[in-house]
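The sequence shown begins at 4 in my numbering and counts up one residue at a time.
C-beta: ideal position from N, C-alpha, C; glycine also.
The structure under discussion appears below in the form of C-alpha cells.
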Amino acid sequence: MSQDNDKRRLSAQDASFLYMERPEAPLHIGSIAIFEGTVPYERFVQNIASKIHLIPRYQQRVVPAPFNISHPTWEWDPGFDLHRHVMRVKLDTPGTDAQLMALSARLFEGMLDRNKPLWEIYQVEGLEGNRTAMVSKVHHCLVDGVSGIELLMIVLDVSPDPAPSPPPAVVDAHPPIPPAPSRFIDAIFDNMTERLDRLSDLQKSTVDSMLTGESRTRSALRSLEATQPYMANPVARAPFNKPLTRERRLACSEFSFAEIRGIRASCGGTVNDVVLTVLAGALGRYLEMHGESTQDRNVRILAPVNVRREDERGNLGNRVSMLLIEAPAGERDPVTRLRTITDTTEKLKRQNVASGTEILSDLLGGVPPAIQSLAGLLPPPPNNLANLVCTNIPGPMIPLYSVGHRLQAHYPMMPLAWEMGVGCGVTSYDQRLYFGLMADPNAAPDVARLKEFLDQAFVELRSAAGVDRSDLPRVGAAPQPSRGGGRRRGSAAHAAGERMAADAG
C-alpha cells in the first residue's frame with residue numbers, strides 16, 4: 004500500500020476530520036470482525052508486527068503546524084508501542100452477541116489519543132460459540148472506507164496458511180519530530196508550494212475553458228443544480244435529529260448477497276439502491292412507531308461516494324464526495340420504493356453531482372488552515388441538510404483469515420454527524436452484506452427496533468421481488484439496555500479497517 008511518503012502534510016480533506024471533531028462527535032471509523040476459534044493474543048500481535056512496515060502511517064502521529072498556519076504533518080512516533088494499540092478485553096459470561104455489540108459501542112465512544120498514531124484494535128475474548136472478535140477504531144483523517152478495506156486486505160490473509168510477509172527494508176532510525184521553528188519554516192514553504200499548485204491548476208482550467216467553453220467551476224455549479232431543492236428546503240427532522248452526547252449504541256444485521264443479486268435481477272438498480280430502499284423502508288416504520296405521518300414523507304440520506312481514481316488505489320487518506328438522496332420512506336410498496344430511488348440516483352449520476360461536490364470541496368480547501376482549524380471550537384450550526392448518513396463500502400467477497408482463523412462476519416461502525424443521532428454503515432464480505440446501525444441513545448434509545456424494521460423491510464422487498472430465501476441468517480445482534488459486559492486485560496483503554504463491489508453484484 005502506497006503511503007504517499009512524499010506527502011507528509013495532510014490534505015485539506017483529511018485535516019478537516021481533525022478540525023471538525025468534538026467529544027460528542029468523534030470522527031473515527033471502525034468495525035467488528037468475528038473470527039472462528041480462539042485467536043491467541045500474542046500471535047495476533049506478532050502477525051500485525053510482521054506487517055506494520057507495509058503501512059508506515061500506522062506508526063506515525065499527527066503533529067500540528069505552529070499556529071495552525073498549515074495543515075498538520077505525519078511524523079514518526081518516537082514512542083510507538085504496538086501494545087498501546089492492540090489491547091485485550093474479555094466479555095463476562097455468557098459472552099453473547101448482544102454483549103459484544105454493547106461493548107463495541109462503548110469502545111467506539113471517545114476520541115482517539117492524538118499523542119500517538121490514531122488507531123486501536125481490541126481483541127475481545129470470551130465470545131460464546133468458541134469465537135474471537137476484533138473491534139477496531141481508525142481516525143477518518145487516516146483512512147476513508149475504501150482505503151480502510153484495502154488496509155484490511157493487508158492485515159488479514161486470503162489463506163489460513165499464508166506465505167510470510169516480505170521483511171521490512173533496512174533503514175536508518177526514523178527521524179525525530181522536528182522542532183517548532185523547523186516545522187514553522189516547512190509550513191510556510193508548503194503553503195507557498197500549494198498556492199503555486201493552485202495557480203497552475205487555475206491557469207490550466209482557464210485554458211481548458213477557452214478551448215472547450217466550459218470552466219471547471221462552471222461545470223461544478225451546473226452539476227450541483229440538482230441539489231438546489233435540498234439546499235433551499237431544510238430537511239424534515241426525524242425523531243433522532245437531536246444534539247449528540249458522548250454515548251453510543253449499536254445494532255447490526257446481515258443479509259445474503261445472493262438474495263440482493265436476485266432483487267437486482269428482478270427489479271433493477273444497484274446494490275446501493277437496494278441498501279437505500281431497505282433503509283428507507285425501516286425508517287418509515289420507525290417514524291410511524293413515533294407517531295409521525297409518513298404520507299408522502301421522504302427521508303434525506305447523505306451518501307458518501309468514492310471518487311478515488313484507479314491510480315490512487317492503495318493510498319491512504321480520503322477521496323470522497325457526497326450525494327444527497329431523497330428516499331420515499333412513506334412508500335409502502337417496496338418495489339416502487341426501489342424504482343423511485345434508482346431513478347433518483349441515476350439522475351444524480353447523469354448530472355455528475357458527485358464530481359461537482361468534489362470540486363467545491365477542493366475550492367473550500369483553499370481557506371487558510373488557521374481558519375479551518377477553528378471549526379471544532381465554534382458552536383455547531385443547526386443540521387438542515389440531511390436526516391442521516393449511510394455509507395456503503397464494498398468489501399472482499401472471499402474468505403479472509405487471521406493467524407489461521409477464518410473471519411466469519413464483519414460489521415461496520417460509522418461516526419455520527421452533528422444532530423444526526425443515527426448513522427448506517429454497510430459493507431460486503433464473503434457473499435454477505437453487513438449493516439451497522441450506530442446511534443446516540445439520547446436521540447435513538449430504541450435503535451434495536453430500527454434494526455428489527457431493517458430486517459422486516461429486507462424480507463418485504465425480497466418477497467415482493469419474488470426472490471427465494473437462499474439461507475438462514477447467522478447473526479443479527481442488537482444491543483441490550485445494559486452498559487456492562489466487559490472487563491479489560493492489559494493496557495488501559497479510552498472511554499471504553501473490502502475485491503470491491505460498490506454498485507456491482
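Restricting to runs no shorter than 3 residues, where is the beta strand (DSSP E) found entirely within the region 255-313?
302-309
Beta strand (DSSP E) runs contained entirely in the region 389-450, provided each spans 3 or more residues:
391-396, 408-416, 425-432, 435-442
Out of 171, 194, 254, 54, point me to the one whose CA is closest to residue 100's CA.
254
Nearest-angstrom Cα distance between residue 185 and residue 179?
Answer to the nearest angstrom: the Cα atoms are 12 Å apart.
Decide yes or no for the touch test of the region 103-111 against the region 130-148: beta carbon pairs closer than 8 Å, at least 3 of them.
yes
Could you check whether the region 429-443 touches the region 406-414, counting it as contact only if at least three pairs of C-beta atoms, one from each stretch, sit closer than 8 Å?
yes
At which residues does the beta strand (DSSP E) containing residue 63 begin and terminate?
63-66
Please classify residue 86 as buried or exposed, where buried requires at least 16 neighbouring CB atoms within 10 angstroms.
exposed
Name the residue from 62, 455, 39, 444 whose alpha carbon lies nearest to the alpha carbon of residue 78.
Distance check between residue 78 and each of 62, 455, 39, 444 places 62 closest, using alpha-carbon atoms only.
Using a Cβ distance threshold of 8 Å, determine whether the region 442-452 contacts the region 244-260, with at least three qualifying pairs required.
yes
Does the Cβ-Cβ distance between residue 159 and residue 436 come in under 9 Å?
no
Given this structure, state the Cα-to-Cα distance separating residue 418 from residue 12, to the nearest angstrom.
Their backbone Cα atoms lie some 24 Å apart in a straight line.
Straight-line CA distance for residue 281 to residue 399?
22 Å
Three-state secondary structure (DSSP) at residue 196?
helix
Residue from 461, 453, 292, 124 whose Cα sits closest to the Cα of residue 336
461
In terms of residues, what are the limits of the beta strand (DSSP E) holding residue 38?
31-39
I'd like to know if the region 340-355 and the region 34-44 are in contact, where contact means that at least 3 CB-CB pairs between them fall below 8 Å.
no
List the DSSP bridge partners of residue 141.
32, 122
Would you call the region 65-74 and the region 26-37 in contact, with 3 or more CB pairs under 8 Å?
no
Using three-state DSSP, classify residue 130 as helix, strand or coil.
Here residue 130 carries a strand assignment [DSSP, helix/strand/coil].
Look at the Cβ atom of residue 92, then the Cβ atom of residue 66, and state whether they are nearer than 9 Å.
no
Judging by CA-CA distance, which residue of 60, 439, 422 is the nearest neighbour of residue 428?
Just measuring C-alpha positions, the residue of 60, 439, 422 sitting nearest residue 428 is 439.
For the candidate residues 144, 16, 197, 372, whose alpha-carbon lies nearest to that of residue 74?
When only C-alpha atoms are compared, the closest one is 372.
Go ahead and pull the three-state DSSP assignment for residue 104.
helix
Using only the heavy atoms of the ligand FMN, determine whether one of them is closer than 8 Å to the beta carbon of residue 164.
This structure does not include the ligand FMN; it has no bound ligands of any sort.
Take residue 487 and list the residues in its own chain whose beta-carbon comes closer than 6 Å to its own, dropping the five residues that flank it on each side.
Unreliable positioning characterises residue 487 in this predicted model, as indicated by a pLDDT of 42, which lies under 50. The coordinate reading is nonetheless provided below. The answer is none, since no qualifying residue turns up.
Taking 9 Å as the threshold (C-beta atoms), are residue 389 and residue 238 in contact?
yes
Using only CA atoms, which one of 270, 327, 284, 375 lies nearest to residue 236?
327
Proximal residues to residue 299 (C-beta, below 6 Å), its chain only, five neighbours per side dropped
333
From the DSSP secondary-structure annotation, give me the bridge partner or partners of residue 457.
Beta-bridge pairing links residue 457 to no other residue.
Using a Cβ-Cβ cutoff of less than 7 Å, which residues in the same chain neighbour residue 3 once the five nearest sequence positions on both sides are dropped?
There is no way to answer for residue 3, as the model of the chain reaches only from 4 to 508.
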